[in-house]
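Some notes on the structure that comes next.
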């Protein structure tokens, strides 16, 4: 069965065509700068084609059209006809409390999803554009929504409720939701296999570290707490996001700088994090180079980031009452060995010793703690797309009659 996985941002569209029977990625790429000048499509396939082409993409529908044209192209394509695609799976960011699992997209799902849009005004409308584009161009193909928030719907109320008037939750659903759910789900499942843990009795802490970062506490495959909250702004210091901050800062800076709440929140989302601390970059590679060159603020940004991760790991050890393993994933978690080292070197209270040679790994599965460490530390490259593809296969396989392809 072939599934087209679609992940839409406000001006971008990432895609993968996956054979979910053997989980081979037949083609993948990104449409970038949609609706802007200089829009470009990057495409590669299993046969070695790797192409970048500037194309006029005024909207996501046009972008999807180009993607489908590439997939069936006689020279660059990987299928003969769109009929070979069984359906599409779409990353939807915020499903609120409505969606605890992936679902077949229909009018009612779209209605509920739109109702959640105030909780994620930058993400949800963009996610929906990809589904609408696929429906327009492949009207008879089923579509499945896979929600970032769904995996964390198993968090108990005592963990998701905020210390604010309960009416805010009753009236406006103000609570912790958590994000990166597909990543945390994939890595936790894969870690059990990779480390040989008991699938029915294990405790994991998954650290998804990248420009957006989050940590989750997972007990027997279910999320019990996570660092992001109502929005992806809460939690760790990130590339451009502040993470946890005293809410009193908003009023204080509003008075000092003459800024509105909206302007301050924009700064907390786009001009803070390691970018704000370093005054240099949100890219951890740039920060490493600057740190090694003696830039004190770059060093501080890296230290603050690692420290915040360490705090959450310690807290989640208490939440789970012990752990079997700590897992790193995401662009930073998979590739920044020095950041990993800064964190793991401070896990001696768990009996963990860093295997420095094993930690010299980039984007590969590896155990980076020594053999005698009672708590294992590993790197598991995440794969959110395969989670979307698997859920899509499971749901559309239950349709009667089943889809072509």
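In the working numbering, the protein residues as written are 591 to 995.
We treat Cβ as the ideally placed atom computed from N, Cα and C, and that holds for glycine.
Quantities reported herein were computed from a predicted structural model and do not represent experimental measurements.
Hey, residue i and residue j are a contact pair by Cβ (cut 8 Å); roughly how many whole angstroms apart?
i: residue 766; j: residue 838; result: No, residue 766 and residue 838 are not in contact; Cβ-Cβ is about 20 Å, not under 8 Å.
i: residue 898; j: residue 826; result: 5 Å
i: residue 735; j: residue 695; result: 5 Å
i: residue 777; j: residue 679; result: The Cβ separation is near 19 Å, so there is no contact.
i: residue 684; j: residue 650; result: The pair is not a contact, with the Cβ atoms about 18 Å apart (cut-off 8 Å).
i: residue 835; j: residue 892; result: Rounded, the Cβ-Cβ distance is 19 Å, inconsistent with contact.
i: residue 955; j: residue 970; result: 6 Å
i: residue 965; j: residue 940; result: 5 Å
i: residue 979; j: residue 668; result: Wrong, their Cβ atoms sit about 15 Å apart, outside the cutoff.
i: residue 690; j: residue 740; result: 6 Å
i: residue 675; j: residue 731; result: 6 Å
i: residue 1015; j: residue 888; result: Any property of residue 1015 remains undetermined from this structure, which presents the chain solely from 591 to 995.
i: residue 645; j: residue 630; result: 7 Å
Using a Cβ-Cβ cut-off of 6 Å (strictly less than) and excluding sequence neighbours within five positions of residue i, which residues of its own chain qualify?
i: residue 742; result: 768, 771, 813 and 816
i: residue 803; result: 826 and 828
i: residue 640; result: 634
i: residue 932; result: 896
i: residue 738; result: 683, 769 and 771
Looking at the structure shown, is residue i part of a helix, part of a strand, or coil, going by DSSP?
i: residue 770; result: coil
i: residue 897; result: helix
i: residue 985; result: helix
i: residue 937; result: coil
i: residue 694; result: strand
i: residue 617; result: strand
i: residue 641; result: strand
i: residue 919; result: strand
i: residue 814; result: strand
i: residue 667; result: coil
i: residue 633; result: strand
i: residue 601; result: coil
i: residue 876; result: helix
i: residue 706; result: coil
i: residue 801; result: coil
i: residue 889; result: helix
i: residue 659; result: helix
i: residue 738; result: coil
i: residue 973; result: coil
i: residue 647; result: coil
i: residue 790; result: coil
i: residue 831; result: coil
i: residue 979; result: helix
i: residue 903; result: helix
i: residue 763; result: coil
i: residue 606; result: strand
For residue i, does the count of other Cβ atoms within 10 angstroms reach 16, so buried, or fall short, so exposed?
i: residue 911; result: exposed
i: residue 704; result: exposed
i: residue 656; result: buried
i: residue 556; result: Residue 556 is absent from the structure shown; the chain starts at 591 and stops at 995.
i: residue 807; result: buried
i: residue 755; result: exposed
i: residue 628; result: exposed
i: residue 841; result: exposed
i: residue 658; result: buried
i: residue 792; result: buried
i: residue 600; result: exposed
Can you list, in chain order, the residues of its chain whose CB lies under 7 Å from that of residue i, leaving out five sequence neighbours each side?
i: residue 865; result: 829, 830, 871 and 872
i: residue 950; result: 927
i: residue 936; result: 900
i: residue 604; result: 597 and 620
i: residue 960; result: 943 and 945
Can you give me the Cβ contacts of residue i inside the same chain, cut-off strictly under 8 Å, excluding the 5 residues immediately before and after it?
i: residue 546; result: Residue 546 is absent from the structure shown; the chain starts at 591 and stops at 995.
i: residue 858; result: 823, 831, 832 and 835
i: residue 890; result: 867 and 868
Practice task
Take every Cβ of the region 792-799, pair it with every Cβ of the region 762-777, and state whether three or more of those distances are shorter than 8 Å.
Solution key: yes
Exercise for the section: Say whether the region 911-918 touches the region 780-793, bearing in mind that this needs 3 or more beta-carbon pairs closer than 8 Å, one atom from each stretch. Expected result: yes
Handout entry: Meets three-Cβ-pair contact criterion under 8 Å: the region 891-910 and the region 751-760
Key = no
Exercise for the section: Take every Cβ of the region 984-991, pair it with every Cβ of the region 612-619, and state whether three or more of those distances are shorter than 8 Å. Expected result: no
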